[in-house]
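Student: So that we are looking at the same thing, I have put the structure below in structure tokens.
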Amino acid sequence: MIGMARSTDSFFIRADLLTENTGFSEARLDLGAYVDALGKSILKIHNVQMHFCSDVNNAVPPSPNPSPNNNPAIAWQLTTQSQLATGLEMIPASNRSVVSNGFYQVGSLTAGNVSSDIAGLNVQHFTDGYLIGVESLYL
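Shown next as structure tokens:
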């Protein structure tokens, strides 16, 4: 019997999600090449990181809205199940499909253009890894 050796290689999974000014957007991350739950092949996540940027320039964070009472915000979640059909969209951290989540807010121009990054379950490092046995993640 010929078997496949257990892989311990490290690699990055990257995804882009261009959002609208309002509403909920979701991107599917296909993990089918790494995960086969029936074949006993799972993925172990050690780190989750987000990068927020302008759709015009990847080096520039989202800019404040010129309206004095409008503070743009981005809430994000990485889940094992799609939220589009549920109508729930952003789900609480207690939901078992949540792998990680967080919140980014840009202050208004009148407040001195202050930004803040708030981590919900945004664990930067899963010490022993977070086991994923599904073929897709959703951002």
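Numbers in my numbering are just positions in the sequence shown, counted from 1, shifted up by 939.
The beta carbon of each residue, even a glycine, is placed where N, CA and C say it ideally should be.
Quick caveat, the model's predicted, so the values are computed rather than measured.
Between the Cα of Asp955 and those of Glu965, Ser949, Asp948, spot the shortest distance and give me the residue it belongs to.
Tutor: The residue given as residue 955 occupies position 16 in the sequence shown. When each option's Cα is compared against that of Asp955, the closest is Glu965.
Student: Pull up the CB-CB distance for Val1038 and Leu1076, whole angstroms please, since I reckon it's below 8 Å.
Tutor: Against the sequence shown, residue 1038 aligns to sequence position 99. Against the sequence shown, residue 1076 aligns to sequence position 137. Val1038 to Leu1076, Cβ: 7 Å. Contact.
Student: State buried or exposed for Asn986, treating a residue as buried only when at least 16 other CB atoms are found within 10 Å of its CB.
Tutor: Looking up residue 986 in the sequence shown gives position 47. With fewer than 16 other Cβ atoms within 10 Å, it is exposed.
Student: Pick helix, strand or coil for Asp975, following the three-state DSSP scheme.
Tutor: The residue labelled residue 975 in the question sits at position 36 within the sequence shown. It is a strand residue.
Student: Quick check on the burial criterion: 16 or more other C-beta atoms within 10 angstroms. Buried or exposed for Leu1017?
Tutor: Locating residue 1017 in the sequence shown gives position 78, where the first residue counts as 1. When all chains shown are included, Leu1017 counts as buried.
Student: Among Asp948, His990, Asp994, which one has its Cα closest to the Cα of Tyr973?
Tutor: Reading the sequence shown from its first residue, position 34 is the one you call residue 973. Of the listed residues, the one whose Cα sits closest to Tyr973 is Asp948.
Student: Label Gly962 either buried or exposed according to how many other C-beta atoms from any shown protein chain fall within 10 Å of its C-beta, with 16 as the threshold for buried.
Tutor: As a working mapping, residue 962 is identified with position 23 in the sequence shown. Gly962 is exposed by the Cβ-count criterion.
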